[in-house]
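Start counting the sequence shown at 2; every next residue gets the next number (this note's numbering).
Glycine included, every Cβ here is placed at the ideal spot set by N, Cα and C.
Nothing here was measured: the structure is a model prediction, and the numbers come from that model.
First up is the structure itself, then whatever we jot down about it.
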Amino acid sequence: MRGLSTALVVGIIVALIVGFAAGYVLKPSGTASTVTSTVTRTVTAPSAGTGLPSVIEVGALLPLTGRLATVGEDIRVALEVAQDDINAFLKQAGLPVTFKITFEDTQTSPDVALQKLQAMHSRGVQLFIGPASSAEVRNVKTYADSNKLVIVSPSSTAPELAIPGDMVFRFVTDDRAQGRVIAGLAKQLGLTHIVIVWAGDAWGDGLHDAVANSAKAFGINVVDGPRYAPETKDFSSEVQQLNNIVTNLINQAGASKVGVVLISFEEGTQFLIQASRYENLGKVVWLGTDGIANAASVVQDPVASSFASKVKLFSPIMAPTESTKFKEVKSKVVAKLGREPIPYAYNAYDIAWALFLSVLATGKTDGASVAKILPSVADSFFGASGWTKLNEAGDRAFADYVVYKVVTEGGTAKWVAVGIYSMATDSFTGSLS
């Protein structure tokens, strides 16, 4: 920070510790002494010759269009709120620095995500929020690792990307956890047979395996349904194949013992529309995933929402920790977005703060320096999504899952939270009726 005194920087850190930055850099109770020592140790005043630029630029690679458009919109708004809050803090602290997030639309395309990353890197940007999908993260990973670019995703969950020592960080647990949650819900629903339909990409394949492995461990019979190409628009053949499988299972075990697991992004809306034409597919319960949970496209389409309401479409997604900070950020995001965002939006908000604090700690904006300190910052950080502690692979260490379903009230369809699945107790609290 060119021109800033050591005393001022120390004052900023003290302010952060006591809550000046609205409760940040605070672990859960019982670890306060660790937080203080960690922050004091890692945050130092940069020398006059290695100060920060007047603008700290972070790139946001978001799916503003394509299969994850709702996710992209929610995350964008949350990041706009984070940008405003960080700049308000900088102004209050008297720092002559601006925090800027530059948004780029990846179109939910791995190839476009890489193109946008390379273009921003050519301008000198080395810190990135996103991409959102695992397929996109996998496609940018080699370039990011080779060029020491920090990638922090709020929503990529493929287990294959849990790699220690790389430049990819994820403020979300990987899908080995979600797979167990989905299988646990199937068990609690009394299902003895599940049919998995899934998108054939890095995320879909990984989550398919996680669900299948956990379900088999619970004694549930797992049947593979259609694996479809992510770009599929017409699911006629896939739905017919699924109907044949489900019909056979209903004849064997009864409809109450059979379930469908739909592993999709927002293309799942079209799948639901076409599935509604088959009577037997409406007789069994459906389970969704974080890829479709809270998706606006489902409840905005009358056919998809009616069918989803009929089959429940219980869909888990990582749950933010209920806290004062969560409620404060939620109110700001809802005011701008006009609806409640998906939980991953809060992860994105916290990523912006974690990157900012990492830059503040090192006095540098290069990826290599930030990558070294980011895990320590995350370990001492309790934000809108909760405690952001990372594991050895640079992914979120733990989280619970909120379960949503689609209901229709007064002719209006909406997503509602029906309970929480605790990973600590491996149990669901709520109602699956």
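- Contact between the stretch 376-394 and the stretch 411-421 is not established, with fewer than three Cβ pairs separated by less than 8 Å.
- In this structure Ile195 is not in contact with Val151, their Cβ atoms being roughly 38 Å apart against a cut-off of 8 Å.
- Selection Ala398, Ile318, Gly384 and Lys217 evaluated against Asp86 yields Gly384 as nearest (Cα-Cα).
- Within the stretch 260-347, the runs of beta strand (DSSP E) at least 3 residues long that lie entirely inside it are, in chain order, 286-288 and 316-319.
- In the pairwise beta carbon analysis, the stretch 125-132 is classified as touching the stretch 358-372: at least three pairs are separated by under 8 Å.
- In the three-state scheme derived from DSSP, where H, G and I count as helix and E and B as strand, Pro227 is classed as strand.
- Here DSSP, grouped into helix, strand and coil, assigns Leu433 to coil.
- Look at Phe90 here: in three-state DSSP terms it is helix.
- Look at Gly60 here: in three-state DSSP terms it is strand.
- Counting only the Cα atoms, Met121 lies some 32 Å from Ala400.
- Proximity to Lys311 across Val407, Asn295 and Ala297 peaks at Val407, based on C-alpha coordinates.
- Note: Trp388 is bridge-paired with Phe383 in the DSSP secondary-structure output.
- Non-local C-beta neighbours of Pro376 in its own chain, meaning closer than 6 Å and more than five positions away in sequence, comprise Leu391, ordered along the chain.
- Taking 8 Å as the cut-off, the beta carbon of Gly205 is found no closer than this to the beta carbon of Pro160.
- The C-alpha of Val299 is placed about 20 Å away from the C-alpha of Ala230.
- Uninterrupted alpha helix (DSSP H) stretches at least 4 residues long and entirely within the stretch 352-383 occur at 368-380, given in chain order.
- Comparing alpha carbon positions, the residue from Leu361, Pro303, Val259 and Trp287 closest to Ile274 is Pro303.
- Collapsing the DSSP output to three states places Glu410 in a strand.
- Judged by DSSP in its simplified three-state form, Val126 adopts coil rather than helix or strand.
- For Arg171, the uninterrupted beta strand (DSSP E) run begins and ends at Val169 to Arg171, by DSSP.
- If you compare the alpha carbons of Asp351, Ser370 and Ile318 with that of Asp176, the shortest gap goes to Ile318.
- Rounded to the nearest whole angstrom, the CA to CA distance from Gln108 to Gln253 is 43 Å.
- In the DSSP assignment, Asp106 falls within the unbroken beta strand (DSSP E) covering Thr99 to Asp106.
- Taking a C-beta distance under 8 Å as the contact criterion, Phe172 and Pro155 qualify as a contact pair.
- When DSSP states are grouped into helix, strand and coil, Gly201 belongs to the coil group.
- Taking a cut-off of 8 Å on C-beta distances, the stretch 274-284 touches the stretch 237-249, as three or more cross pairs fall below it.
- Judged by DSSP in its simplified three-state form, Lys415 adopts strand.
- Between Tyr422 and Ala83, the C-beta gap is not smaller than 8 Å, which leaves the two residues out of contact.
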